[in-house]
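Have a look at the structure below, then the notes.
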Amino acid sequence: MATQKKKLMPKSALLVKKYKRGIRLSFAALVVVITLLFVTYSPSNSSSGSIVSKKASGEYLYPFTDISQGVHHPKDDGKREKAVMVTLARNSDLWSLVLSIRHVEDRFNHRYNYDWVFLNDGDFTDEFKRVTTALVSGEAKYGKIPKEHWSVPSWIDEDKFESARQKMIQDDIIYGGSVPYRHMCRFNSGFFYRHPLLKDYEWYWRVDTDITVFCDIQYDIFKFLRENNKKYGFILSVSEYEATIPTLWQTTKDFMKEYPQYIHKNNLMKFISNDGSETYNMCHFWSNFEVGSLEFWRSPAFSEYFNFLDKRGGFFYERWGDAPVHSIAASLLLDKSEIHFFDGLGFHHPDFTSCPVEEKIRLQNKCVCNPSKDNTWGDFYFCTRKYFSAAGYSMPPSIV
Numbered sequence: 004m005a006t007q008k009k010k011l012m013p014k015s016a017l018l019v020k021k022y023k024r025g026i027r028l029s030f031a032a033l034v035v036v037i038t039l040l041f042v043t044y045s046p047s048n049s050s051s052g053s054i055v056s057k058k059a060s061g062e063y064l065y066p067f068t069d070i071s072q073g074v075h076h077p078k079d080d081g082k083r084e085k086a087v088m089v090t091l092a093r094n095s096d097l098w099s100l101v102l103s104i105r106h107v108e109d110r111f112n113h114r115y116n117y118d119w120v121f122l123n124d125g126d127f128t129d130e131f132k133r134v135t136t137a138l139v140s141g142e143a144k145y146g147k148i149p150k151e152h153w154s155v156p157s158w159i160d161e162d163k164f165e166s167a168r169q170k171m172i173q174d175d176i177i178y179g180g181s182v183p184y185r186h187m188c189r190f191n192s193g194f195f196y197r198h199p200l201l202k203d204y205e206w207y208w209r210v211d212t213d214i215t216v217f218c219d220i221q222y223d224i225f226k227f228l229r230e231n232n233k234k235y236g237f238i239l240s241v242s243e244y245e246a247t248i249p250t251l252w253q254t255t256k257d258f259m260k261e262y263p264q265y266i267h268k269n270n271l272m273k274f275i276s277n278d279g280s281e282t283y284n285m286c287h288f289w290s291n292f293e294v295g296s297l298e299f300w301r302s303p304a305f306s307e308y309f310n311f312l313d314k315r316g317g318f319f320y321e322r323w324g325d326a327p328v329h330s331i332a333a334s335l336l337l338d339k340s341e342i343h344f345f346d347g348l349g350f351h352h353p354d355f356t357s358c359p360v361e362e363k364i365r366l367q368n369k370c371v372c373n374p375s376k377d378n379t380w381g382d383f384y385f386c387t388r389k390y391f392s393a394a395g396y397s398m399p400p401s402i403v
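Residue numbers (this note's numbering): 4 to 403.
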């Protein structure tokens, strides 16, 4: 029987067999190294994920007005505040609202995923819910306003109300004949923060239809408010139509006399009155952009003030707006250091625009607004200059 020849293995195969265990260990080590590198440099953990310090040079520019106001921009620590976006809307507002949502999400909220509460005096349609839920990065919540917060209260004289409404129509006063507009102003003034969907939140950003955010917001606005001890923030300040609030200031003076304990000693009276509280100069913070502390609105001081106003009936007999109500309240009940003017964000709501006056800020924040259209520092009708003077802050050199 012929001897069977032993089959020889290729040299490469012999090497593999010889070093098989070492190759396995090396491969396992390589997998571990790659995994560690992926985790270390993943966008969510990378140091470049810090919004404020993202520039390669480490340089981050503050608007002049923030330096003047003595604030700092917080660094992202991955922790969210107890904060929420709040929108009052009807189903018919959907297509003018979606662009507002995209602006806020694209310029700010896609990095933080804050919840969004939508409130309506009726029921939201399935379409409204589907579209808005798809657009927001946080949880979308939908609430119905209680009837008692969106109706004429029992102490209002219906005949007197109707007579006043008809007179405002004859005088061609903007929204003078609108009952829903009055409900909206009253609700935004003293009820929105009481809705059950807001009970677990401490901070809010009011987002209206038809707004534009022109610039990247480089930091968490809500963390900014907390770390800088700010309770109310605005971006534009304008003058109110006097015909809509003829008795609001006298009512406020009556409140100050009856409840002096609620008037802050370091208040911002000089912003809202040019003569030491005798008259109201009509300046107010434009509430189409409004951020702040829900705890302030829930406070005994504001609760007493709103209830005092509400019983006087001016939301119906006249056409008191939520902007002057909130502005007067913030100016009188807060320490003036607790109010903040926001710059560097870029904002528009018909018909006024805020665009940063400093080019370096516009470039850093990728703003797409035309600075020549900025209304922030206008002498006539606008009140930001008045605010800076009353608060004791320096204004940007370019606009002085």
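Even for Gly, the Cβ is constructed at its ideal location relative to N, Cα and C. Predicted model only: the values in this text are computed from it and were never measured.
Residue span of the alpha helix (DSSP H) that contains residue i, given as start and end
| i | result |
| --- | --- |
| N191 | V182 to G193 |
| T90 | From DSSP, T90 is part of no alpha helix (DSSP H) but of the beta strand (DSSP E) over A86 to L91. |
| W153 | Element bounds for W153: n/a, residue is neither H nor E. |
| W444 | A question about residue 444 goes unanswered here, because the residues of the chain that appear run from 4 up to 403. |
| R168 | E161 to Q173 |
| F67 | F67 to Q72 |
Cα-Cα separation between residue i and residue j, rounded to whole angstroms
| i | j | result |
| --- | --- | --- |
| Y145 | V403 | 45 angstroms |
| Y207 | D129 | 25 angstroms |
| F190 | C286 | 21 angstroms |
| K314 | K132 | 36 angstroms |
| V55 | D79 | Only weak support is given to the placement of V55: the predicted model assigns it a pLDDT of 36, under 50, and the question is left unresolved by the model. |
| F194 | W252 | 21 angstroms |
| F67 | V216 | 20 angstroms |
| W300 | E62 | 37 angstroms |
| E362 | H75 | 20 angstroms |
| K376 | F345 | 17 angstroms |
| C372 | L239 | 15 angstroms |
| M259 | A332 | 11 angstroms |
| L366 | S357 | 15 angstroms |
| V101 | K163 | 39 angstroms |
| Y2 | L97 | Shown here, the chain extends from 4 to 403; a query on residue 2 therefore has no answer. |
| D338 | E281 | 20 angstroms |
| C218 | I364 | 9 angstroms |
| A393 | D325 | 22 angstroms |
| S91 | C188 | Looking at the sequence shown, residue 91 is not Ser but Leu. When rounded, the distance between both Cα atoms is 11 angstroms. |
| Y390 | S242 | 12 angstroms |
| I214 | L312 | 29 angstroms |
| Y396 | S166 | 45 angstroms |
Buried versus exposed call for residue i [16 or more other C-beta atoms within 10 Å across all chains shown]
| i | result |
| --- | --- |
| S330 | buried |
| H113 | exposed |
| T387 | buried |
| I172 | exposed |
| Q72 | buried |
| I177 | exposed |
| M359 | Looking at the sequence shown, residue 359 is not Met but Pro. Flag for P359 reads buried. |
| S296 | buried |
| P156 | exposed |
| D354 | exposed |
| S276 | buried |
| E99 | According to the sequence shown, residue 99 is Ser rather than Glu. Answer is exposed; the Cβ neighbour count stays below 16. |
| L348 | buried |
| D69 | buried |
| D278 | exposed |
| S192 | buried |
CB contact flag (residue i, residue j, <7 angstroms)
| i | j | result |
| --- | --- | --- |
| N3 | L335 | Because the chain is modelled from 4 through 403, residue 3 falls outside the range shown and cannot be assessed. |
| I224 | V294 | yes |
| V210 | V107 | yes |
| P77 | Y222 | yes |
| K404 | E84 | Within the shown structure, residues of the chain are numbered from 4 to 403, placing residue 404 beyond reach of any answer. |
| F350 | F288 | no |
| D2 | I159 | Given a span of 4 to 403 for the chain in the structure shown, any question on residue 2 remains unanswerable. |
| Y262 | E307 | yes |
| E142 | D175 | no |
| G317 | T250 | yes |
| I104 | L138 | yes |
| V328 | Y204 | no |
| I220 | W323 | no |
| H343 | N291 | no |
| N116 | S140 | yes |
Bounding residues of the beta strand (DSSP E) (the contiguous stretch that carries residue i)
| i | result |
| --- | --- |
| V403 | Element bounds for V403: n/a, residue is neither H nor E. |
| R133 | From DSSP, R133 is part of no beta strand (DSSP E) but of the alpha helix (DSSP H) over D129 to L138. |
| Y390 | Element bounds for Y390: not the beta strand (DSSP E) but the alpha helix (DSSP H), T387 to A394. |
| L122 | D118 to N123 |
| Y222 | Counting along the chain, Y222 falls outside any beta strand (DSSP E), and DSSP gives it neither H nor E. |
| Y207 | W206 to V210 |
Restricting to runs no shorter than 4 residues, where is the alpha helix (DSSP H) found entirely within the region 286-373? 297-301, 303-315, 317-320, 325-336 and 362-367
Quick check on the DSSP output: what are the complete alpha helix (DSSP H) runs of length 4 or more inside the region 226-282, in order along the chain? 251-261 and 272-275
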